[in-house]
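Going down the list, the protein sequences come from chains L and W. Residue numbers are given in this note's numbering: position 151 of the first sequence equals residue 181, and the series is strictly consecutive. Residue numbers are given in this note's numbering: position 257 of the second sequence equals residue 287, and the series is strictly consecutive.
There are 2 protein chains.
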Amino acid sequence: MYPIRVAARLTGLSTDTLRAWERRYKAVVPARNGRRRLYSEADVERLKLINRALQKTGLPIAQLAAMNNEQLSALSPQPQYQIDLQPLMQALSTFDVARIESELSRLLVLIPPREMVLQVVHPILQKVGQLYEIGQLSISQEHMISAIIRSVLGTLLRLQIKVSPTPLLLFATPPEELHEFGILSASILASAAGFPILYLGTNLPPQEIANAAQVARVRAVVLSILMQERTATLKTLRSLLPQQTQLWIGAPKHLVIPKLPATIHITDFNSFEQQLLDLKH
Amino acid sequence: MYPIRVAARLTGLSTDTLRAWERRYKAVVPARNGRRRLYSEADVERLKLINRALQKTGLPIAQLAAMNNEQLSALSPQPQYQIDLQPLMQALSTFDVARIESELSRLLVLIPPREMVLQVVHPILQKVGQLYEIGQLSISQEHMISAIIRSVLGTLLRLQIKVSPTPLLLFATPPEELHEFGILSASILASAAGFPILYLGTNLPPQEIANAAQVARVRAVVLSILMQERTATLKTLRSLLPQQTQLWIGAPKHLVIPKLPATIHITDFNSFEQQLLDLKH
DNA sequence: GCTAGCTTGTCAACGCTTTGTCGAATACAT
DNA sequence: ATGTATTCGACAAAGCGTTGACAAGCTAGC
């Protein structure tokens, strides 16, 4: 059960709007904890439905709010694909590299990029991390699997990247951060959301990043930091960037990110997509 | 049912024009929800018809508005998507990958799936094959182009595919047959013809295919074989499949396909579509 | 050939309703 | 006390409706 603030973030609506819809149309009537609203998963789902139907048909909300979920989803049908990760996880557990590859390429055909990142690649990486932690995966096996995933992500990015002279976002990692899964995935999500981007890749000194950011006049620079804290590097980069350019740091929750102006610590894809929405206004 | 704003967007006319046409000629008289106009799908369709006829013939609207839909569609012959492969072939010959990509995505929205497969993707693949044969295409170039085409085909399939618990057809390729263009194209054709399908992808051992076929109770299994003869594999698969399950082998004419019960050798898309028709009875 | 009139897309004015947001006062929890 | 929610009233922007008008293009008739 979510408080109103969270429900607003999840649905992309403002808290005022949520209350107005409830007061005027009883679009959803969340449960209460004393005075406070508590939105259930189903409430959020219905709100998303209404919002999608609103965007699609432009019908007055009063009318949409009176409909049941069935009618609403008939109004804005979303393509259905079934994702079955079972065979893939099976192949992972048995280190069947050929199988992993063919399963991935099958899914690549059937599933849109965003879902591929969030629901396929991300779970795989977590599983690989687990297996590696408990020593079930040799270094060479880890390398092979990483190479496959790297190529899948690369393909996804290349296939949908929008070439634009005025990208909004720049993606890179600082020196000695070799894993580019984070920014690759984020790039794909941003591209899938329609943002023109500039992908610089890994292992770049702050000067280079700042330079590119300035020339391309991007609105935000997205970095990925996995292992070590890098306070010095970040401070340098921040000082080199224009003030109005935002700096988004993708890094695990436990890493300490220095408090700097116009700088955000992003810990998961969910909040990354939220930031994207905010950037769009 | 759409409000006027959406109807305007869908038809490409302005809201003012829509109201003027209604007031002056009663071209369409949408329903009302209280005071507000509500355009039905049929209304929008008729407006599109009128607009197309207007563009083509330039007749006065008063006259067009008095006609019924039949007369209107006779006036502006069906959406003749003219496919101009010239720029695409040009881009192919010069290996202009970005150009190939933009041309393809342009065509993707203009042309229905079936025609996209038969009249665009297929010719491209042949051209790529030619270029590759005579050594005009490097491996990496071939890979990039293949990736693009795969993604186009994947998009087409994704947009078409019907998720069904009881698919009629199963698509796969046996091990070491990596190119999935054949079954991808065939899947799209089958989907476009309304058949629910199950797409398994490439590089699958006969046991897996037979297993899936049995569980899903498909009427036919469609394989694609490009390079080598695989008599042994086919015999194994045939023996594992239920007798009443047909086996369709898509393969070049010159490949020898063993004579097996309920097994057909398909050499082109034409006969594939013929088989589909037969399957439907 | 030229003008008067018709056709047609667009716009403005005005009224009404819808809808997102805001401010103010109040309640509750940490 | 501070921050977050809640309710209520209010407001302003946006959307839609109707009516009337106008300019540009075309047509017909002199």
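Note that the Cβ used here is the ideal one computed from N, Cα and C, for glycine as well. The model shown is predicted, which means the values in this text are computed figures rather than measured ones.
- Beta-bridge pairing by DSSP links Q305/W to no other residue.
- Nearest to V193/W by C-alpha distance, out of G224/W, N98/W, L256/W, H173/W, is G224/W.
- In this structure, A83/W lies near L105/W, with their beta-carbon atoms less than 7 angstroms apart.
- Put simply, the backbone Cα of E71/W is about 16 angstroms away from that of N63/W.
- For the stretch 189-220 of chain L, the set of residues with a beta-carbon nearer than 9 angstroms to any beta-carbon of chain W comprises L189, Q190, V193, in chain order.
- In the DSSP assignment, R247/L falls outside any beta strand (DSSP E) and carries neither an H nor an E.
- Bounds of the beta strand (DSSP E) holding F201/L are 199-202.
- For the C-beta of L140/L, the chain W residues within less than 9 angstroms are, from N- to C-terminus, G184, L187, R188, I191, Y229, G231.
- Inter-residue distance for L253/L and L306/L is about 14 angstroms (C-alpha atoms, whole angstroms).
- In the DSSP assignment, T87/W falls within the alpha helix (DSSP H) that extends over 71-87.
- For V151/W, no Cβ of chain L is located within less than 7 angstroms of the residue's own Cβ.
- When C-beta distances to chain L are compared with 9 angstroms, the residues of the stretch 160-181 of chain W below that value are M174, A177, I178, R180, S181, in chain order.
- By a beta-carbon distance limit of 8 angstroms, P143/W contacts Q190/W. Their separation comes to about 6 angstroms.
- Leaving aside the five residues that flank P153/L on each side, the residues in its chain whose CB is nearer than 7 angstroms to its CB run, in chain order, L115.
- The criterion of a C-beta distance shorter than 7 angstroms is satisfied by I175/L and V158/L.
- Look at S168/W here: in three-state DSSP terms it is coil, with no helix or strand label.
- By the C-beta density criterion, R180/W is buried, having at least 16 other C-beta atoms within 10 angstroms.
- Annotation: Cβ neighbours of R35/W in chain L (cutoff 7 angstroms, chain order): G88.
- The contact set of P109/L on chain W, defined by CB atoms closer than 8 angstroms, consists of R188, L189 in chain order.
- Under the 7 angstroms criterion on CB atoms, Q101/L is classed as non-interfacial with respect to chain W.
- Burial of E133/L is indicated by the presence of at least 16 other C-beta atoms within 10 angstroms of its C-beta.
- When only Cα atoms are considered, L40/W and M31/W end up about 12 angstroms apart.
- Within the stretch 220-289 of chain L, the complete alpha helix (DSSP H) runs of at least 4 residues fall at 236-246, 261-270.
- Distance from the CA atom of G184/L to the CA atom of Q120/W, rounded to whole angstroms, is 26 angstroms.
- Annotation: the continuous beta strand (DSSP E) that includes L68/W extends over 66-68.
- Inclusion of L228/L and A246/L in the CB contact set at 7 angstroms is warranted, their separation being smaller than that value.
- Burial is judged here by how many other beta carbons sit within 10 angstroms of a residue's own beta carbon; Q85/L has fewer than 16 and is exposed.
- Shown here, A61/L sits in a strand according to DSSP, grouped into three states.
- In the DSSP annotation of this structure, the continuous segment of the beta strand (DSSP E) that includes H295/W starts and ends at 293-296.
- By the 16-neighbour rule on beta-carbons within 10 angstroms, R260/W is buried.
- DSSP links Y162/W through a beta bridge to no other residue.
- N98/W sits exposed, since fewer than 16 C-beta atoms from the chains shown fall within 10 Å of its C-beta.
- DSSP links Y32/W through a beta bridge to Y69/W.
- For Y55/W, the uninterrupted alpha helix (DSSP H) segment begins and ends at 45-55.
- The residues E52, D73, R76, L77, in chain order, have a CB closer than 7 angstroms to that of V58/L in the same chain once the five nearest residues on each side in sequence are set aside.
- In the structure shown, K157/L adopts helical secondary structure according to DSSP, grouped into three states.
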